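Down below is the structure, laid out as structure tokens.
Residue numbers (mature numbering (1 follows the signal peptide of the UniProt record, and there is no 0)): -37 to -1, 1 to 106.
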């Protein structure tokens, strides 16, 4: 009887998608711009070791409220969840990144998690443009 081994090595496609997402997030984090942000809400799971651990909302140009988490200090790393998840699904990765001296920022995409529902036709290709238009990077650079 053959033992069924799960192939745990990432495929080239997964590596390319992951690399593109990481590069896009980092590029978005470095763009200048402005953002309207509501006051920060302290996260109940904040620990003294994190030094910064909060969540809040930002408003897009069309008034959509996007929820985000902002943990740690240092250079920002922006996380984007997949469908149908939310920023909560990225907490373990965010904790790891924040514990290594980086700033972990994750947002709930439109219609996901605690963000507002979609008010217009939206496509996956719009994700990068939305991150830039909402200026998450300005929020990460201002604190």
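Heads up, the beta-carbon is just placed ideally off N, CA and C, and yes, glycines get one too.
Predicted model only: the values in this text are computed from it and were never measured.
Where residue 61 is concerned, the enclosing alpha helix (DSSP H) starts and stops at 54 to 62.
In the structure shown, the three-state DSSP call for residue 66 is strand.
Straight through space, the alpha carbons of residue 60 and residue 66 are spaced by roughly 7 Å. Taking the C-beta atoms as reference points, residue 50 is found no nearer than 8 Å to residue 63. For residue 40, same chain residues with a beta-carbon under 6 Å away, outside a window of 5 residues either side, are 60, 65 and 67 in chain order. A direct Cα-Cα distance of roughly 22 Å separates residue 35 from residue 78. Nearest to residue 16 by alpha-carbon distance, out of 57, -21, -27 and 52, is 57. Membership of residue 39 in the beta strand (DSSP E) is indicated by the continuous run 39 to 43.
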